[in-house]
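Contents: one structure, followed by commentary.
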Amino acid sequence: MAAANRCLRLVSNFLMSLMLALIFGAVTAETPSAKTLVAATATNFAEVLQELKPLFETETGHDLTIVTGSTGKLYAQIEHGAPFDVFLAADQQRPERLVTNGTAVAGSRATYAIGRLTLWSSNGVNAALSAQDALTSDAVNHIAIANPELAPYGLAAQEVLRSLGLADRLAHKIVTGENIGQAYAMVATGNAEVGFISSSTLLSAHRPAGGVRWEIPSDAHEPIRQDAVLLQRGTENAAALMFLKFLVSEEAQSVIRRYGYDID
Numbered sequence: 003m004a005a006a007n008r009c010l011r012l013v014s015n016f017l018m019s020l021m022l023a024l025i026f027g028a029v030t031a032e033t034p035s036a037k038t039l040v041a042a043t044a045t046n047f048a049e050v051l052q053e054l055k056p057l058f059e060t061e062t063g064h065d066l067t068i069v070t071g072s073t074g075k076l077y078a079q080i081e082h083g084a085p086f087d088v089f090l091a092a093d094q095q096r097p098e099r100l101v102t103n104g105t106a107v108a109g110s111r112a113t114y115a116i117g118r119l120t121l122w123s124s125n126g127v128n129a130a131l132s133a134q135d136a137l138t139s140d141a142v143n144h145i146a147i148a149n150p151e152l153a154p155y156g157l158a159a160q161e162v163l164r165s166l167g168l169a170d171r172l173a174h175k176i177v178t179g180e181n182i183g184q185a186y187a188m189v190a191t192g193n194a195e196v197g198f199i200s201s202s203t204l205l206s207a208h209r210p211a212g213g214v215r216w217e218i219p220s221d222a223h224e225p226i227r228q229d230a231v232l233l234q235r236g237t238e239n240a241a242a243l244m245f246l247k248f249l250v251s252e253e254a255q256s257v258i259r260r261y262g263y264d265i266d
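Going by my numbering, the first residue of the sequence shown is number 3, and it counts up by one from there.
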């Protein structure tokens, strides 16, 4: 089964590379001069992209500039003409909309990661409790989530609460941050006793790994499939095409897996 899955990934990556090459023409590593690529990325993936940045730049000779924000906010900026070449969303819907309305390039959309959701407490919650008991504990007065209208991880958190039958019961305890980084900060500072955070956030080497965490079963919410798409501004930028091909390479995907993401 593992060998079959690996084969499917290789075929998928090959087809992605071939499709992009057919759309934009062959791109070789020997480019006349270095170009700068501007990639807009959902907050949950920002640190992963920071780690991928020097790998991409060394391999291609191009420069990568990273802009971070919630998926919904970045989508709105793109719709209003923000100068981005590539969009790395935390969902599939917004990249698909950009393709539909012509802001992104048809055929360039691909899933680069599948996110995982974690319930986390930095202190004060009994580690022996189940996630459901932790959420309903008298010690918990605030539950942090990302804004579900802007961030797919916040929407997934709402789905988890509904699947547990707790959405109405705990509605008064919910506090929202604009993105997953703000939800993390509320828990880290003690302003919320627990919060729904991306697993990748807690696997960061730059954040404390303490506290208690409960991994949320993937069937408790819709899959958090994160798609990348080439924006029309990037069609004349060789670095943008190279970046999308790099993102589905084995080198890049090994880093993505290390941050707790699943890969197709």
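Ideal placement from N, C-alpha and C gives every residue a C-beta, glycine not left out.
If you're wondering where the values come from, they're calculated on a predicted model, not measured in any experiment.
Query: Determine whether the beta carbon atoms of I218 and L121 lie at a separation below 9 Å.; Result: yes
Query: Alpha carbon to alpha carbon, how far is K175 from A159?; Result: 13 Å
Query: What's the gap between the Cα of F47 and the Cα of G71?; Result: 10 Å
Query: May I ask which residues mark the beginning and end of the alpha helix (DSSP H) holding T138?; Result: 133-138
Query: For I199, report the span of its beta strand (DSSP E) as first-last.; Result: 196-200
Query: Expressed to the nearest angstrom, what Euclidean distance is found between the alpha-carbon atoms of I147 and L163?; Result: 11 Å
Query: How would you write the range of the alpha helix (DSSP H) that F248 sits in, first residue to last?; Result: 240-249
Query: Please classify S256: is it buried, with 16 or more other beta-carbons within 10 angstroms of its beta-carbon, or exposed?; Result: exposed
Query: So, is A4 buried or exposed, given that buried needs 16 or more other C-beta atoms within 10 angstroms?; Result: Bear in mind that a pLDDT of 44 at A4, under 50, signals an unreliable position, so the number given afterwards is only what the model happens to contain. By the neighbour-count rule (16 or more Cβ atoms within 10 Å), A4 is not buried but exposed.
Query: Checking 9 Å against the spacing of the C-beta atoms, do L39 and N181 come in under that value?; Result: no
Query: Could you spell out where the beta strand (DSSP E) holding E151 opens and where it closes?; Result: Segment: none, E151 is in no beta strand (DSSP E) and carries neither H nor E.
Query: So, L233 versus V107, is the Cβ gap smaller than 9 Å?; Result: yes
Query: Note the first and the last residue of the continuous beta strand (DSSP E) segment covering E217.; Result: 214-217
Query: Within its chain, find whatever has a CB closer than 6 Å to the CB of G156; leave out the 5 residues flanking it on each side and keep chain order.; Result: I147, A148, N149, P150
Query: Consult DSSP for T237 and reduce its assignment to one of helix, strand or coil.; Result: helix
Query: Taking the straight line between their C-alpha atoms, what separation do you get for T105 and A241?; Result: 18 Å
Query: Is the distance from the Cβ of A187 to the Cβ of T73 below 9 Å?; Result: no
Query: Hey, could you find the ends of the beta strand (DSSP E) G71 is sitting in?; Result: 65-71
Query: On the criterion of 16 or more Cβ atoms from any shown chain inside 10 Å, does N7 qualify as buried, or is it exposed?; Result: For N7, the predicted model reports a pLDDT of 47, less than 50, meaning its position is unreliable; a value from the coordinates is still stated below. With fewer than 16 Cβ atoms within 10 Å of its Cβ, N7 is classed as exposed.
Query: Between which two residues does the alpha helix (DSSP H) carrying V257 extend?; Result: 252-260
Query: With L205 and Y261 assumed to form a contact (beta carbons below 8 Å), what rounded beta-carbon distance in angstroms separates them?; Result: 5 Å
Query: In three-state DSSP terms, what is G74?; Result: helix
Query: Could you check the C-alpha separation between I258 and G126 for me, to the nearest Å?; Result: 31 Å
Query: Since I believe A91 is in contact with A44 (beta carbons under 8 Å), could you give me their beta-carbon distance rounded to a whole number of angstroms?; Result: 6 Å
Query: Per the contact definition of three or more C-beta pairs closer than 8 Å, is the stretch 133-144 in contact with the stretch 53-67?; Result: no
Query: So, is H280 buried or exposed, given that buried needs 16 or more other C-beta atoms within 10 angstroms?; Result: Since the displayed the chain opens at 3 and closes at 266, residue 280 lies outside it and no answer follows.
Query: Should I265 and I116 be called a contact, given that it needs their Cβ atoms to be closer than 9 Å?; Result: yes
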